[in-house]
């Protein structure tokens with residue numbers, strides 16, 4: 019429907035100009051993670067984990083929580099390969115650290131445990147923010163939750179955001 023409308027107005031001189039002005043004023047650009055960014059994050063997160071001798075799984079998701087990268091380091095528990103992506107998904111979809119949800123639940127609001135599609139309600143999921151917008155998230159699992167978050171933040175810091 020929109021394309022037909024654009025086509026009709028584009029044929030009419032003054033409407034074409036108005037449409038062009040409308041589109042240029044309302045269209046926004048959106049940053050996203052490129053493969054090179056994902057590799058940079060993963061390498062820095064892995065380096066942080068290895069520096070501390072932590073066996074973890076590192077997951078990186080896009081802004082919709084879709085998995086872009088999953089890396090299970092030697093010695094990491096098999097379960098961590100399920101938890102890390104869930105933490106990344108939660109941080110991306112919630113647009114905040116997954117620790118926030120853990121704090122809410124620990125504060126007595128256990129209803130958050132029933133939120134559909136959100137499973138990584140533990141610290142260790144950190145959103146990647148560029149220009150005030152979430153463009154993805156990193157989730158880490160395998161050590162203490164605050165250490166998981168430390169690894170995720172080290173990965174994100176490598177982007178210089």
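Numbering (the working numbering), first residue to last: 19 to 179.
Every residue gets a Cβ at the ideal spot worked out from N, C-alpha and C, and that includes glycine.
All values derive from a computational prediction rather than experimental measurement.
If you draw a straight line from the C-alpha of residue i to the C-alpha of residue j, how long is it?
{"i": "residue 163", "j": "residue 145", "result": "15 Å"}
{"i": "residue 129", "j": "residue 94", "result": "31 Å"}
{"i": "residue 59", "j": "residue 66", "result": "11 Å"}
{"i": "residue 51", "j": "residue 78", "result": "10 Å"}
{"i": "residue 137", "j": "residue 102", "result": "10 Å"}
{"i": "residue 172", "j": "residue 131", "result": "28 Å"}
{"i": "residue 122", "j": "residue 115", "result": "12 Å"}
{"i": "residue 68", "j": "residue 57", "result": "16 Å"}
{"i": "residue 112", "j": "residue 141", "result": "13 Å"}
{"i": "residue 91", "j": "residue 160", "result": "10 Å"}
{"i": "residue 76", "j": "residue 63", "result": "7 Å"}
{"i": "residue 166", "j": "residue 108", "result": "14 Å"}
For residue i, write down the residues that DSSP places opposite it in a beta bridge.
{"i": "residue 79", "result": "85 and 155"}
{"i": "residue 112", "result": "In DSSP, residue 112 forms no bridge with anything."}
{"i": "residue 171", "result": "BP columns for residue 171 are empty, so no partner."}
{"i": "residue 146", "result": "154"}
{"i": "residue 90", "result": "75"}
When we look at the beta-carbon of residue i and count the other beta-carbons within 10 Å, is it buried (16 or more) or exposed?
{"i": "residue 46", "result": "exposed"}
{"i": "residue 28", "result": "For residue 28, the predicted structure reports a pLDDT of 48, less than 50, and the residue's modelled location is therefore unreliable. A value from the coordinates is still provided. It is exposed - the Cβ of residue 28 has fewer than 16 other Cβ atoms within 10 Å."}
{"i": "residue 97", "result": "exposed"}
{"i": "residue 175", "result": "exposed"}
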